[in-house]
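All residue numbers for the sequence shown refer to our numbering, where the first residue is 122 and numbers rise by one.
The structure appears right after this line, and notes come after that.
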Amino acid sequence: MADKVADTYKDSIHLPKTAFPMKGNLPQTEPTRIGEWTKDELYHKIMKKNEGRPLYVMPDGPPYANGNLHLGHVLNKVLKDIVIKYR
């Protein structure tokens with residue numbers, strides 16, 4: 122019964138057709154990405170760009186300490202990221 126309801130609901134909403142994978146497969150893709158960052162010396166480039174600027178730290182805890190994740194958590198993380206990058 123639950124599977125039938127889930128299939129019906131899925132068919133009732135307009136989802137985009139995309140080749141983007143539904144799962145990130147992090148155990149397989151992360152080593153490749155880290156290898157690219159290492160090869161490009163990305164960390165060193167970021168540190169050089171910020172050389173001489175004052176250190177700015179914004180403590181940030183877990184997004185889901187007291188409940189389920191929701192869009193408010195996303196907004197919170199995005200705003201903090203903007204502040205850190207453009208401070």
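Every residue, glycine too, gets a C-beta built ideally from N, C-alpha and C.
{"Asked": "Anticipated Cβ contact below 8 Å, M168 with I205, distance rounded", "Found": "Going by Cβ atoms, the distance from M168 to I205 rounds to 15 Å, so no, they are not a contact pair."}
{"Asked": "Coil, strand or helix - L190 by DSSP", "Found": "coil"}
{"Asked": "Length of the line joining the Cα atoms of E157 and K198", "Found": "25 Å"}
{"Asked": "Integer Cβ distance of L190 from P184, believed to fall under 8 Å", "Found": "6 Å"}
{"Asked": "Endpoints, the alpha helix (DSSP H) within which H165 is located", "Found": "163-170"}
{"Asked": "Cβ-based neighbour list, H194, same chain, cut-off 8 Å, excluding 5 preceding and 5 following", "Found": "P184, Y185"}
{"Asked": "Top-ranked residue by Cα proximity to P175, from L163, Y207, H165, L147", "Found": "Y207"}
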